[in-house]
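Data block below; observations after.
Residue numbers (this note's numbering): 3 to 120.
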C-alpha cells in the first residue's frame, strides 16, 4: 500500500511536472486496470513529509488526516480521453493513514481543501 501510494501520488520537488509523462511512466490506470484514470493528484513533496501528516494527528475522521500546511499539488485531469491537463495549486490535503509495521503511513489520497479544478 505504501509503495502504491508513493507511485501514484508523490513527486519529488524538481521533478518534471508533465501529467502525461508521470502517469505513463508510473503506469497509473483507472480502477479496472485498463482505462486511463480520469484524474490524479500528485503531491510535490518527499514521502517523509507526507508521512508526517499521519504523525501530526490533524485528525479529520476515522483514518483521515489533514495537512497542517498547504502543500504544492499537481492536479491532472484527462481531456478528451487522450491527454492530461495539469494545474499546479497549493492546498491543504487529506490523506488516509494505516498502521503498517507499527507506523502510521499514508495509503490513500482523499482530497484537497478548496481545490477549484475537481
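Beta carbons are placed, not taken as given, at the ideal position from N, Cα and C, and that holds for glycine.
Q.
Here's a check: name, in chain order, each residue in its chain whose Cβ is nearer than 7 Å to the Cβ of residue 99, leaving out the five neighbours to either side.
A. 56, 65, 67, 106, 107, 108, 109
For residue 26, list the residues DSSP reports as bridge partners.
Per DSSP, none; premise fails for residue 26.
Please report the Cβ distance between residue 52 and residue 25, rounded to the nearest whole angstrom; I am assuming they are in contact, meaning their Cβ atoms lie under 8 Å. Not confirmed; about 19 Å, so no contact.
Worksheet item: How about residue 80 and residue 19: do their beta carbons lie closer than 9 Å?
Response: no
task: Pull up the distance between the alpha-carbon of residue 50 and that of residue 14, whole angstroms please.
output: 11 Å
key: Closest by C-alpha distance to residue 6, when choosing among 31, 22, 17, 23   = 31
Measure how close the beta-carbons of residue 95 and residue 69 come, nearest whole angstrom, since I'm counting them as under 8 Å.
5 Å
Worksheet item: Quick one: complete alpha helix (DSSP H) runs, 4+ long, within the region 27-85?
Response: 49-58
*Answer with buried or exposed for residue 185, where buried requires no fewer than 16 other C-beta atoms within 10 angstroms of its C-beta.*
Residue numbering for the chain in the displayed model covers 3 to 120; residue 185 lies beyond these limits and cannot be assessed.
Q. To which residues of the same chain is residue 71 closer than 8 Å at the C-beta, ignoring the five residues directly before and after it?
A. 94
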